[in-house]
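Engineer: Got a structure for you, questions after.
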Amino acid sequence: MLIGDEYSMTNDASLLVPVNAWSADYWVAIRNTHGGWNPGGYAVVASQDGTQVTVTPSATGKIVNPGGGIAADGTGVVTLDEGDVLQVLSGHGGGEPGMPDIADLTGTHVTADKPVHVIATHFCTYIPFDVEACDHLEESMLPYESLAREYLVTTPFVKPLNQEPFIKPRMVRVIATEAGTTISYEPPQDGAPTTLANPGDYFEIAATDKDFMITASAKVVVA
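Read in order, the letters of the sequence shown are residues 28 to 250 in the working numbering.
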């Protein structure tokens with residue numbers, strides 16, 4: 028699926044997963060509310076009637092726009108029928124001046140009693156948070172069964188129009204699915220965090236152009 032308009036910085040694409048590959052257990056990876064009014068969020072799509080969806084927010088995911096069975100603290104249980112979509116958007120959480128908004132649905136745990144599809148979305152975000160321009164995001168979340176303890180993080184090689192090709196630094200988020208998760212790197216990454224205390228906690232590795240391996244003591248999301 029390709030989403031975009033005439034402005035290339037707002038284009039994005041996502042793999043759409045067929046229904047037979049849907050699951051009942053997901054962890055959300057997205058970005059903070061941006062600029063006070065551009066929310067991040069996620070959409071849950073049901074494949075069967077009478078699907079009960081339970082959402083459990085992370086420490087940063089407890090500021091949402093409430094409604095439709097979802098409380099302002101990001102918790103909720105919602106029943107969906109086939110083809111119904113539950114959309115949850117982050118609210119305006121504020122925070123320290125010059126820093127990202129504290130409202131971030133990353134690490135939210137979505138479970139259901141029947142297979143569902145979860146897509147993370149953002150209307151407009153900066154990555155890093157203080158570097159223009161707006162990125163529109165949508166990405167299918169991988170189910171818990173597809174997550175792993177080891178990931179190889181590689182650097183993209185890009186060729187912008189009318190420019191020489193170059194290696195583009197990128198940022199990485201690591202999200203815990205279990206308490207007390209420890210992380211190691213090969214080769215070691217200076218300043219990269221090594222622990223995640225609670226399920227849904229995450230950290231962000233600063234932009235780097237190096238390739239490296241991430242090894243965790245339990246399954247993690249790397250995004």
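Think of the CB as a built atom: it goes at the ideal place given N, C-alpha and C, for glycine as much as any other residue.
1. Look up L113 in the DSSP assignment and give the residues it is bridged to.
2. Alpha carbons only, please: which of H149, A51, E213 and A86 is nearest the one belonging to A203?
3. Tell me which residues share the same chain as T78 and place their Cβ nearer than 6 Å to its Cβ, disregarding the 5 neighbours each side in the sequence.
4. Got a sec? Which residues, its chain only, sit under 7 Å from Q143 by beta carbon, not counting five neighbours each side?
5. Helix, strand or coil, according to DSSP, for M28 in the structure here?
6. Could you compute how far the alpha carbon of L29 sits from the alpha carbon of E166?
7. Just to confirm, is the Cβ distance from G67 to L174 under 7 Å?
8. I want to know whether the stretch 184-204 touches the stretch 235-246 - three or more CB-CB distances under 8 Å.
9. By the DSSP assignment, the beta strand (DSSP E) with N211 in it spans what residues?
10. Where does S50 sit, in a helix, a strand or coil, going by DSSP?
11. Nearest to P170 by CA position, among D76, G122 and H136, is which residue?
12. Roughly how many angstroms separate the alpha carbons of E33 and D162, rounded to a whole number?
13. Measuring only the C-alpha atoms, how far is A219 from A233?
14. When DSSP builds the beta bridges, which residues end up paired with S167?
15. Let me check understanding here. Comparing Cα to Cα, which of Q216, G88, D236 and G207 lies closest to A245?
16. Given E123, which residues of its chain have a CB within under 8 Å of its CB, disregarding the five upstream and five downstream residues?
17. Once you ignore the five residues that flank D111 on each side, which residues in its own chain have a CB closer than 6 Å to its CB?
18. With DSSP as the reference, label E177 as helix, strand or coil.
19. Under 7 Å, do G88 and I97 count as touching if we go by C-beta distance?
20. Taking T60 and A130 to be in contact with their CB atoms under 8 Å, please state how far apart those CB atoms are, rounded to whole angstroms.
21. Which partner residues does I202 have in the DSSP bridge list?
22. Can you tell me the Cα-Cα spacing of Q114 and G101, whole angstroms?
Structural biologist: Quick answer:
1. L113 pairs with V71.
2. A86
3. L107, A139 and K141
4. Sequence inspection shows Val at residue 143; the Gln mentioned does not correspond to that position. Result list for V143: W49, A51, V71, V72, A73, S74, T78 and V80, in chain order.
5. Since pLDDT at M28 reaches only 48, below the 50 mark, its modelled position is unreliable, and the value read off the structure follows with that caveat. The answer is coil: DSSP assigns M28 none of H, G, I, E or B.
6. Confidence at L29 is low in this model, with a pLDDT of 41, below 50, so its placement is unreliable and the value that follows should be read with caution. If I take the Cα positions, the gap works out to 11 Å.
7. no
8. yes
9. One point to set straight first is that residue 211 is Ser, not Asn, in the sequence displayed. Residues T208 to E213.
10. If DSSP states are grouped into helix, strand and coil, S50 belongs with the strands.
11. H136
12. Here E33 scores only 49 on pLDDT, less than 50, and its place in the model should not be relied on; the value that follows carries that caveat. Rounded to whole angstroms, E33 to D162 spans 13 Å at the Cα level.
13. 8 Å
14. I146
15. G207
16. none
17. Same-chain partners within the cutoff: A73.
18. strand
19. Contact flag unset, no.
20. 4 Å
21. I202 pairs with Y229 and V248.
22. If you take the alpha carbons of Q114 and G101, they lie about 12 Å apart.
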